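Visitor: In our numbering, the protein residues as written are 7 to 243.
Ideal placement from N, C-alpha and C gives every residue a C-beta, glycine not left out.
Quantities reported herein were computed from a predicted structural model and do not represent experimental measurements.
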């Protein structure tokens, strides 16, 4: 009898502890998201993960190259390029593009494997800033929560600014300013339309593609992005 009560008590304690953990996470995520509305994220979990990977690898040096710049100091071509490449409906959706999700589901079902994604720039920003790299149902759930938060608290301009400053463009290279300096030896403010398209074309596989020395596939993707850029024109946030 005592053993049964003990087990019941233990279960209640575990449940209570779990509830407190969830509550603390929710409060912390809300506060941090609000802070990042005004304060630039100094580092992300992805950056930490990559540094650990580099540290355990014999073939890679530990590298963390990032230079924050305000969105006014980023070429309008770059904004247009990532919208064209990653999220055509960025200015209009509330964090999730349900039409793109349904289209991706149909295409992937026909192919029998995942060949098309539907993550918006808002979702990618939430993942890059607040969450870890590897996919799981837990991460997708937290990603959805963080996406809702940044859409509620941040402007589209702030989401784009943070995204372009933390997104991975190569091994140890984060943000468009660091990428622009590394690959093209110029500031992000002076990127040409082609250079912006090439940078956008390496996403979402920046460790396998090089915008300064693009393979035929990357060049084709950049050309497609440029055609879309010509259609949508300058993106005003």
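Exposed or buried, which one is residue 7 when buried takes at least 16 other CB atoms within 10 Å?
Guide: Only weak support exists for where residue 7 lies, its pLDDT of 49 falling under 50; the value from the coordinates is given anyway. With fewer than 16 Cβ atoms within 10 Å of its Cβ, residue 7 is classed as exposed.
Visitor: Would you say the beta carbon of residue 73 comes nearer than 7 Å to a heavy atom of the ligand MG?
Guide: For the ligand MG, the structure offers nothing, since it holds no ligand at all.
Visitor: At which residue ranges does the stretch 144-232 contain complete beta strand (DSSP E) runs of 3 or more residues, listed in the order of the chain?
Guide: 174-176
Visitor: What whole-angstrom Cβ distance do residue 139 and residue 148 have, given they're in contact under 8 Å?
Guide: Actually they do not touch by this definition, with Cβ atoms about 13 Å apart.
Visitor: Which residues does DSSP pair with residue 72 in a beta bridge?
Guide: 180
Visitor: Flag this pair as yes or no: are the beta carbons of residue 243 and residue 162 separated by less than 8 Å?
Guide: yes
Visitor: Less than 8 Å between the C-beta atoms of residue 96 and residue 131, yes or no?
Guide: no
Visitor: Taking residue 179 as the reference, which of 49, 26, 158 and 16 has the closest Cα?
Guide: 49
Visitor: Return helix, strand or coil for residue 242, following the three-state DSSP convention.
Guide: Secondary structure of residue 242 (DSSP, three-state): coil.
Visitor: Pop quiz: residue 206 and residue 87 are said to be a contact at Cβ under 8 Å. What is the actual Cβ separation, rounded to whole angstroms?
Guide: 4 Å
Visitor: Taking only the alpha-carbon atoms, compute the straight-line gap between residue 212 and residue 220 and give it to the nearest angstrom.
Guide: 11 Å
Visitor: For residue 7, does the three-state DSSP call read helix, strand or coil?
Guide: Note that residue 7 scores a pLDDT of 49, beneath 50, so its modelled location is shaky and nothing firm can be said.
Visitor: Check whether the Cβ atoms of residue 197 and residue 91 sit closer than 8 Å, and answer yes or no.
Guide: no
Visitor: Would you call residue 61 buried or exposed, if buried means 16 or more other Cβ atoms sit within 10 Å of its Cβ?
Guide: exposed
Visitor: Alpha carbons only, please: which of 199, 222, 151 and 233 is nearest the one belonging to residue 81?
Guide: 199
Visitor: Should the stretch 66-76 be regarded as contacting the stretch 173-193, the criterion being three or more beta carbon pairs within less than 8 Å?
Guide: yes
Visitor: Among residues of its own chain, excluding the 5 on either side of residue 240, which ones have a beta-carbon nearer than 7 Å to its beta-carbon?
Guide: 82 and 86
Visitor: State buried or exposed for residue 25, treating a residue as buried only when at least 16 other CB atoms are found within 10 Å of its CB.
Guide: So residue 25 ends up on the exposed side.
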